[in-house]
Structure formats: structure tokens, C-alpha cells
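Comments concern the structure below.
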Amino acid sequence: MTALNSINRLLLLGLILIPALYRAPVARAQVDGPVYVVLEGDSYWAIADTFKVTIPDLLAANGFSANHIINPGDRLVIPGYEGIHGTLSIQTVELGETLATLALRTGVPADTLLRLNRLVNPERLYAGQAMIILEPEEGAADVTRWETGRMLSLSAGTPLVALAAAEGKNPWELTSLNTLSSQADQFSGQSLLTVGGDFPLRAWPTPLEDIQFRSLPLVQGKTGEIFITLSGDAQVAGTLGDWNLNFRELGERLATLQGIHATAAPRTYPFQVTVTLADGRTRVFEQDVLLISGNYPQEADLKVPPETLDPQTIAAESEQTRAIIAPFSEERFWDGLFLAPASKGITSLFGNRRSYNNGAYYSFHAGVDYAGRDKDPFYAPAAGRVIFTGPLTICGNATIIDHGWGVYSRYCHQHTIKVQVGEMVQPGQEIGLIGRTGRVDGPHLHWEIWVGGVQVNPLQWLEEVFP
Ligand SMILES: [Zn+2]
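All the letters of the sequence shown, read from the start, carry residue numbers 1 to 467 under our numbering.
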């Protein structure tokens, strides 16, 4: 029995038994609709925002006065969804999910998902998008949910029956899974979903079997990592926003690393994978992914030599470094975690927004600073090949190491450089002495990691193994 029914019955009893003495007060649940169970930390504002209703409508739907307080576990009727019954909750759209796969995974029909989420563009769900879903009412018929499955790519003119036979499936099952009205239905997009198998139910075109990001949403300044599983031989190319992705074999899968810029605008970015089959045909998977802020703080203003702030010098040095770290070395020299290059403690973190000599906060800290005295030694964090040594205006005496696969590390402000271009270095090897050359306000080691042409937070490489 629902709360609504029990209240109606109580009211009805009241009216029958004591009509003259008792006038029914306005009770809760005045509106027909699904229920949301209040969570820890919820507020009227957050709930109204989630379900795109106004707070007065929310209060009215539940018969609450303006000063009514909600508590975790309270059941609120959400207005605007008349005729829909059950308990509402929020789930995140995973990469590769479409409205159709989400309907199969959650057991909520696609048209109900459309209505619940008031979707403007149901063809473009993005990875990381919050979706309102519905748990059925107690006592409702069991719904079927599918965790595994895949998308079948159809050649034009292939009858569904033939496809079903090739897949060892019952044609009726394909018809019903894809909510087609008949087996002769015209398939939009030339694709059908089938359930079962070893991989999460996603709408990858064959021969893609799985695509996984190390983590989504993407975060400013972190290293992005993507794995692809294929069911057959194919060439793979990809882009993430404006970045070209270099996929390389890693065991049974393909992998790529891509730095996410520390000042990339928090929003969705297009992610695209193009698979080229042996016969030259191509299949494309495309979906937007969410990028969120790294919440980097502003540092106190720094005092540095004015000549190191000249925009032309900064641009020229940045160009020079970009050119040095542009090549993609096929060999991956490192293995496992990186080691910290110095031991005296960190004085400034990656990503901090910076101003120099009372200027605006237009720049960010592109590396990690380690404390040190003049001539303290520092060490290679991982294996690699030295590809640059020499003086730079801002970085001072600098060393750049190529670790392979588009991953580079750079060391600035050195007193002494102790390696030579072309030399292979090993993790823990002493490669230089800390100093105060370049744009500094005292001796320290400034350490950067570049991935796919973008500076990232080096500390992530001390805590997580890539790839
Ligand atoms: Zn620094």
C-alpha cells in the first residue's frame, strides 16, 4: 500500500466516522507522482534543481508550509511527473551508454527516461551526465535489467532474421530488446543491441568491445588514460577535444595517455574513436565527456626578476619546449610508479594560480617545487633518455627526459646539469644539482611532467601507475 493510499483511507475513515467534529487538514502527498527519498546533505534547493521544479511547487506537492524542515529518509513527492510511480534516484551515464542501453541497464523504459529527465537532445547523452531513473513501486512486476551486451552493426539491407541467426539469437528477443514494432521494422542508425556476453552493455560499434577511461569525469591538470579492447584486427585513431590520441598495444588492449590542461574550461569535450577495418571500412564511436575543475587555489604573489616576465621571452621558451617534447617515442622506457626526484619537501603544488610582481593571476604553476639548498643533488624519477640540457631564461639550467609514449619530464633552476643529451638514465640516478637559475625567488627544484604535449600534476605519477 502506498503512503498516498493510506492517507486517503485515513481521510476517508475520518470523514465517515466523525464528519461533524473533524475537518480534514491539508495532509502531505497532495499530488500524484513518484517519490524521492531525501539523502544526507540534501536541501530543497538541491532537490528542486535536480528535478527542475520550483521550491513552492515542491512544498505544495507535499502539503508543506514554507518553514517545513526535511530530513534524510523523508519521502517527497516530486511534482510534474503525474502518472509515473516509484522511487526516483540519480545515476551517472557511463561512456558508451545511450538512452537505449540505459533503459536496458536500469529497466526503465526509454520514453519514461525521456520524460523524467526532460531531455532536449536524447541522441547526445554525455559520459558523466546525471540521469534521473526510477525504481519500481513495491509489488510492481519485476523488471529485467541487463548488465552485459553489445551493439550489432548492420550492413544496409541485412534482414533482422539473418542477423539474429548469425548471432545465435531469437529474432523476437532482438525485436523486443530494441523496442521494434516488428521484425520488418526499419532500423535507424543501422544498429541493434543484444544482451549477454563478457562486456558491459554499451553502444560501441563492432569491432570495439570496450573503451575505458582511467577515470571520468576528466579533471584539469590530471593525466587522462584510455584503454580500448577490439574483437578483431583494426587500426584505431582518436581525438579528445583538440588532442590527437596515440593508441599503442598494451597486452590484449590498446592504451593511450593524454594530459588534461590545468586551465581547460570545465565543460563537455568531444571524444571520438575511429576504427579502420582491414577492408578499409571505418566505424566511428563518438560521445562527449565531462571535464571538471581541479579546484586549484591562488598563491600569494611572487617576486621575481622582471626580465623573466617578458611575454616574448615566455612565448619563445614555451615554443622551444613544446618543439622538444613534440615527438612520440614508440618505446616506453618507464615501468611502474615514478620516484620523487628530491626529498626535502614540496613548497609549491602543481596547478596553483599565480601572479608575479603584483600582476594579474594569468598563469598557473606548471610543475611541483621541491625545497633544497644550492648544490643539493636530485634524481631521475624514472627511466628515460635525456633529450635536452642547457640554459633557458625562465627555467634556468634545464634538463628534459623523454620517457617514451609522449611522456616527458623537465627540471629547472639547476646549479649543475650532470647528464648529457642522448644518455639513458635510470630511476634514482643523480642527474643534477639544485640551484637558483632562471625565474626564481630562491633555490629549489621545479619539476614538470608533460603528457601528450600538456603539463600535468607530477604527484599523480608518484601515486598511480601509468599505463
Ligand atoms: Zn615551480
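Where is the CB? At the ideal position from N, CA and C, for every residue including glycine.
- Those residues placing their Cβ nearer than 6 Å to any heavy atom of ligand 1 are, following chain order, S348, H365, G367, D369, H446.
- Collapsing the DSSP output to three states places V143 in coil.
- Straight through space, the alpha carbons of S176 and A383 are spaced by roughly 55 Å.
- In the displayed model, A398 falls within a strand according to three-state DSSP.
- Here DSSP, grouped into helix, strand and coil, assigns V161 to helix.
- Counting along the chain, F271 sits inside no alpha helix (DSSP H); it lies in the beta strand (DSSP E) bounded by residues 268-276.
- With a contact defined as Cβ atoms closer than 8 Å, G390 and A398 qualify at about 6 Å.
- Ranked by how close their Cα comes to the Cα of L218, the residues S293, S329, G453, T274 have S293 in first place.
- In the DSSP assignment, D111 falls within the alpha helix (DSSP H) that extends over 110-117.
- The way I'd put it, the segment 220-227 does touch the segment 255-269; three or more beta-carbon pairs between them come closer than 8 Å.
- Taking each of V454, V143, D376, F285 in turn and checking the Cα distance to A103, the smallest one comes out for V143.
- Three or more beta-carbon pairs separated by less than 8 Å are not found between the segment 233-248 and the segment 130-143, which leaves the two stretches without contact.
- Between the segment 273-283 and the segment 108-115 there are fewer than three C-beta pairs closer than 8 Å, too few to call the two in contact.
- Excluding sequence positions up to five before and after T101, its CB lies within less than 7 Å of the CB of L193, L201, R202, A203, all in the same chain and listed in chain order.
- Rounded to the nearest whole angstrom, the C-alpha separation of S215 and H413 is 34 Å.
- In this structure, the alpha-carbon of L88 lies about 59 Å from that of G435.
- Beta-bridge pairing by DSSP links S191 to S153.
- Put simply, the segment 311-328 does not touch the segment 367-381. Fewer than three CB pairs are less than 8 Å apart.
- When Cβ pairs closer than 8 Å are counted between the two stretches, the segment 62-69 is seen not to touch the segment 81-98, the count staying below three.
- A distance below 6 Å between beta-carbons, with the five flanking residues on each side excluded, links P458 to the following residues of its chain, in chain order: V368, W447, I449.
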